[in-house]
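In our numbering, the protein residues as written are 10 to 62. Glycine included, each C-beta is placed from N, C-alpha and C at the ideal position. Here the structure is laid out as structure tokens; the discussion comes afterwards.
The following block contains the structure:
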């Protein structure tokens, strides 16, 4: 059976240990502002690609 590649945090690129969930890492290691910036950035990129496509 193939092993799963490690999960990587989309904000800081840290590899998340197998025993920890990405959600736990985000809550423990990142501020609300960092999370909000990432959400807004993703939304704006999506919006821009929809307008240009």
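| Under a three-way DSSP split, which group does residue 17 fall into? | Within the chain shown, the letter at position 8 stands for residue 17. Looking at residue 17 - three-state DSSP - the assignment turns out to be strand.
| said: With H, G and I counted as helix, E and B as strand and the rest as coil, what does DSSP make of residue 33? | reply: On the chain shown, position 24 is the one that residue 33 refers to. It is helical.
| said: Since residue 34 and residue 25 should fall inside the 8 angstroms C-beta cutoff, what is the C-beta to C-beta distance between them, to a whole number of angstroms? | reply: Sequence index remark: in the chain shown, residue 34 carries index 25 (1-based). Sequence index remark: in the chain shown, residue 25 carries index 16 (1-based). Taking the Cβ atoms as the reference, residue 34 lies roughly 5 angstroms from residue 25, within the contact range of under 8 angstroms.
| request: Using a threshold of 8 angstroms, state whether the C-beta atoms of residue 47 and residue 19 are closer than that. | output: Looking up residue 47 in the chain shown gives position 38. Looking up residue 19 in the chain shown gives position 10. In contact: residue 47 and residue 19 (Cβ atoms closer than 8 angstroms).
| What residue from 21, 22 and 27 has the CA that sits closest to residue 12's CA? | Residue mapping note: residue 12 aligns to position 3 of the chain shown, counting from 1. The shortest C-alpha separation from residue 12 is found at 27.
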